[in-house]
Amino acid sequence: MSRVRFLFSKRGLSAFVPHVELPPLLARSARRAGLSLFMTEGFSPHPKISLGPALPVGVPALAEPAEIWIENWEGTALENWQRKMPPGFTLLRASVVEGPQLSRLCKVGEYRVFFRNSFPGEVSLRGALEAVLQEPEILCAMETEEESARIVLAQPDRFGPGFLVKAFRAAGFVEGWKDLFILRTMVGGWEGDSVTPLV
Amino acid sequence: MERPFEMDHPLWPILATVKQPSRYIGQEWGSKYGQDSGTRSKTRVCLAFPDVYEVGMSFFGFQILYALGNAQEGTVLERAYCPWVDMEASLRASGLPLASIESQTPLNRFDAVGFTLQYELTATNILTMLDLGGIPLRSEDRGPGDPLVMAGGPGALAPEPLAPFFDFFCLGDGEELFPRVLRVISETRNLPREQRLYCLGEIPGIYVPQLASCGFSGNGVRIRSKQALPVRKQFVRDLDSMFVPSSLLVPNTGIIHDRIPVEVFRGCTRGCRFCQAGMIYRPLRERSPEKVVEIARALLEETGWEEIGLVSLSSCDYTGLCPVLEALSGQLGEKGIKLSLPSLRMDAFSVELAAQLETVRKGGLTFAPEAGSQRLRNVINKGIDEENIRMTLESMSEHGWDRVKLYFMVGLPTETEADLQGIVEISKEAFRILRKRHRRAEVSVSVNGFIPKPHTPFQWEAQLPFEETEARCKWLKRQVGNPKISLNYHDPRQGFIEAVLARGDRRLANVVERAWRKGCRFDGWTETFRFETWMEAFDSEGLDPAFYANRQRGMEEEFPWDHIDAGVSKSFLWRERENAFQERTTPDCRAGNCQGCGFGPQDCTRLKEETGH
Chain A
43 MSRVRFLFSK RGLSAFVPHV ELPPLLARSA RRAGLSLFMT EGFSPHPKIS
93 LGPALPVGVP ALAEPAEIWI ENWEGTALEN WQRKMPPGFT LLRASVVEGP
143 QLSRLCKVGE YRVFFRNSFP GEVSLRGALE AVLQEPEILC AMETEEESAR
193 IVLAQPDRFG PGFLVKAFRA AGFVEGWKDL FILRTMVGGW EGDSVTPLV
Chain B
3 MERPFEMDHP LWPILATVKQ PSRYIGQEWG SKYGQDSGTR SKTRVCLAFP
53 DVYEVGMSFF GFQILYALGN AQEGTVLERA YCPWVDMEAS LRASGLPLAS
103 IESQTPLNRF DAVGFTLQYE LTATNILTML DLGGIPLRSE DRGPGDPLVM
153 AGGPGALAPE PLAPFFDFFC LGDGEELFPR VLRVISETRN LPREQRLYCL
203 GEIPGIYVPQ LASCGFSGNG VRIRSKQALP VRKQFVRDLD SMFVPSSLLV
253 PNTGIIHDRI PVEVFRGCTR GCRFCQAGMI YRPLRERSPE KVVEIARALL
303 EETGWEEIGL VSLSSCDYTG LCPVLEALSG QLGEKGIKLS LPSLRMDAFS
353 VELAAQLETV RKGGLTFAPE AGSQRLRNVI NKGIDEENIR MTLESMSEHG
403 WDRVKLYFMV GLPTETEADL QGIVEISKEA FRILRKRHRR AEVSVSVNGF
453 IPKPHTPFQW EAQLPFEETE ARCKWLKRQV GNPKISLNYH DPRQGFIEAV
503 LARGDRRLAN VVERAWRKGC RFDGWTETFR FETWMEAFDS EGLDPAFYAN
553 RQRGMEEEFP WDHIDAGVSK SFLWRERENA FQERTTPDCR AGNCQGCGFG
603 PQDCTRLKEE TGH
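Respectively, the protein sequence lines represent chains A and B.
Under our numbering, the residues of the first sequence are numbered 43 to 241, in order.
Under our numbering, the residues of the second sequence are numbered 3 to 615, in order.
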């Protein structure tokens, strides 16, 4: 049995597939590919799958980490599996791993934030971001352009896109999700200046 | 930073704000994207389900038609579901049309749009979908550029209340009708609309309401048509050689029936007298166990679904059940695949089966005694007795289940207080039996008001006034008096509107349209149902809903569905009605003699065996 860590992207309208629906989606596609899934023991056996930090619906992702336990993982498994994925989902890389559980490795999330309308008020985008991200201390890195920003936030399981939108709304910069667009580019470790991929 | 392509999707800002946006995105495994090059060389049909996605995706009929239509050369099938009220408001506010899931094509740009009429209370949703899709609501207002709008499903067998909204109705099994319909739609593309309707009306099983006129006299309706009447329901004779989808659409989000449906038989001969499905899907046709196993294995491989449901109107009655379970269960168990039966009969055999299938104890079991006394169960021909009920409960309790859900109807013909008292007794007895072995025993009782339906032995009967149904339900609730027995009932006012539409005539179309214009949507959903608005609509049209729902009809009355031949004869239905009032049961013809329901030996396997023809 192999514990397989893999990265996948979730693009286009598939970004609206809720996080909680991903385990059955991944399990069904893996079964279609002929993979034999390791089932958990106990009262209600189900395929053993671990996901990275939850993403709200409507946030596309370029490289989400996840793990799945497979009985018959071999050389061409990833390609076979990819052929059976639903539209919008792409499996990028995979490797058999050991060691600490996935959730402990997901230290930061990297996001691109785009504002649909020109940014309001006198403050610069950078000033605004700094203002809303002061408390708690989770901002690891930030680069801004006129109407977009690249942000790296710590503790991705607690502070993600939902937190960002809430903070922007509280500060009066946006009314809600319809005014901005967030993309998660990566989830991984943090080495002080860059995000390290998990696969 | 490069702008992500998603930002330019016109629906994105709307999807980011509506409830459950995944309802609107498609993206399922098995969905057909990029089939249409935009050249108009292909015939494009949109299957339209008049309820939300998770209900529509659970409807096996559209899985079949989607695969069947897309397998025809030169035809492209796509899908649309009814947007929930928040989505409808957002689409209207943004000036966006209702479009297909696959290619985002507005409904009015298809060659044809096909609805299914599974439930009377989806009527206003059909108008929402037509209107948002840019299609004139009424057949008479549609022009050469508009799609042909068709409907199938059980509602098509009593089509008059919705007749003005449809160009034609398909009566019977889609496997039999759909390929012919698609061919004619495609071959007549360049003909005038009226001529196309004539051509469609030539297909057996197609009813074109525009060719028909209704004469109202007294209480009855006489329908005359340029088409030959009655129009006869078409059905597949042999399920083993019938079209079967080689794959299915696999949803990315939880749906109501989240499993592979494998049909084991079509039709039902149990003969419950209130049950429309039990009458209109006759004759009984079984699929061979070998074929069931073959289909199950193939679909499992193709879809990756974690559960298979052996579906039919009463799967415990399937004669091939044992060989199918034997062939499948071991193999599926190894892979962690579950096998389920959607409805359980009330007998020890069914409980044994359920115990065999349920490797994991979860939830409880559900049964439908339907009526509280033996007398009333005989009236409705529900072939179970008190001993069956007791044994079933004992058996499930022994097997470890501590929860049971029981379905009953209130307001059945001839019902008395003693029958209602019987519901209370059965519920208490159920609790007592389960409690003997289980400290956490729970009984949940679900009560529905009886709704007389067309093509059933009770099609002549009056529905109780909804106030009386409600009073009886409240009485039941008071009588139960045990917090471990919960009793819930559906809003009898919804059942009233359903009853009106079920046996209505063409005059009701104005009421449906008016109710919709006044804001009625999703009338089958408690949170959106607006009874007062419906009553205002009846009032404005000068029609009395009680005429349709609460009136006892005479034997000779001509019904607004008499021009539709569902296969079961009116004389058989009347005979069954007479048996009901004499509390005489009619045996299932599988176990006894032919009851002469209306099918000949060429159509009915059972009769063929009996007569040797």
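Glycine residues also receive a C-beta, built at the ideal position from the N, C-alpha and C atoms.
Everything numeric in this text was worked out from a predicted model, so none of it was measured.
Coil, strand or helix - residue i by DSSP
| i | result |
| --- | --- |
| T394/B | helix |
| K567/B | Checking the sequence, you will find Asp at residue 567/B rather than Lys. Here D567/B sits in strand by DSSP. |
| V62/A | helix |
| Y550/B | helix |
| C182/A | strand |
| W527/B | coil |
| P15/B | helix |
| P107/A | strand |
| Q481/B | helix |
| R434/B | helix |
| W115/A | coil |
| K293/B | helix |
| L367/B | strand |
| R226/B | strand |
| R299/B | helix |
| V353/B | helix |
| W518/B | helix |
| L147/A | helix |
Cross-chain neighbours of residue i in chain B, by beta carbon under 9 Å
| i | result |
| --- | --- |
| F210/A | Neighbours of F210/A on chain B: none; closest Cβ ~14 Å, over 9 Å. |
| P129/A | G28, Q29, E30, W31, S33, Y35 |
Rounded C-alpha distance that separates residue i from residue j
| i | j | result |
| --- | --- | --- |
| E296/B | A329/B | 10 Å |
| F601/B | V482/B | 44 Å |
| L139/B | E122/B | 17 Å |
| F151/A | L144/A | Looking at the sequence itself, residue 151/A is Gly, so the reference to Phe does not match. The alpha-carbon atoms of G151/A and L144/A are separated by roughly 14 Å. |
| F205/A | Q22/B | 20 Å |
| D169/B | S92/A | 51 Å |
| V502/B | Q496/B | 10 Å |
| R474/B | A125/B | 28 Å |
| F468/B | R347/B | 30 Å |
| A95/B | M89/B | 10 Å |
| V266/B | V229/A | 47 Å |
| W576/B | E463/B | 11 Å |
| S105/B | R81/B | 9 Å |
| V194/A | E360/B | 47 Å |
| A548/B | E30/B | 45 Å |
| L523/B | I112/A | Checking the sequence shown, residue 523/B turns out to be Arg, not Leu. About 47 Å. |
| G521/B | C172/B | 29 Å |
| G136/B | V186/B | 24 Å |
Start-to-end residues for the alpha helix (DSSP H) that takes in residue i
| i | result |
| --- | --- |
| A160/B | Looking at the DSSP string, A160/B is not in any alpha helix (DSSP H), and its letter there is neither H nor E. |
| N581/B | 572-583 |
| M9/B | No alpha helix (DSSP H) holds M9/B; DSSP gives it neither H nor E. |
| G280/B | 279-282 |
Neighbour list for residue i in chain A, Cβ cutoff strictly below 7 Å
| i | result |
| --- | --- |
| M152/B | Correct list: empty, because the minimum Cβ distance to chain A is about 28 Å. |
| W307/B | R70 |
Within chain B, partners of residue i - CB distance below 7 Å
| i | result |
| --- | --- |
| L225/A | P6 |
| E187/A | M3 |
| F58/A | L17, P23, S24, I27 |
Cut-off 7 Å between Cβ atoms - residues of its own chain near residue i, not counting five sequence neighbours on either side
| i | result |
| --- | --- |
| N581/B | T588 |
| Q376/B | D387, E388 |
Residues of its chain near residue i, where Cβ-Cβ distance is below 6 Å and the 5 sequence neighbours each way are ignored
| i | result |
| --- | --- |
| K455/B | Q278, A504 |
| A69/B | P247 |
| C1/B | Outside the shown range of chain B (3 to 615) lies residue 1/B, about which nothing can therefore be said. |
| E162/B | D507, R508, P562 |
| R226/B | S215 |
| F201/A | I180, L195 |
Interface partners of residue i on chain A, CB under 8 Å
| i | result |
| --- | --- |
| E304/B | R74 |
| T19/B | G218, W219, K220 |
Neighbourhood of residue i by C-beta distance below 8 Å, restricted to the same chain and skipping five residues each side
| i | result |
| --- | --- |
| P198/A | G94, P95, C148, K149, V150, G151, V229 |
| K52/A | V59, L97, P102, A103, E106, G130, F131 |
| D421/B | A373, G374, S375, R377, L378, L414 |
Unbroken beta strand (DSSP E) run spanning residue i, endpoints
| i | result |
| --- | --- |
| K46/A | Inspection of the sequence shows that residue 46/A is occupied by Val rather than by Lys. Here the beta strand (DSSP E) through V46/A covers 44-52. |
| G269/B | Premise fails: G269/B is in no beta strand (DSSP E) and is neither H nor E. |
| W232/A | 222-232 |
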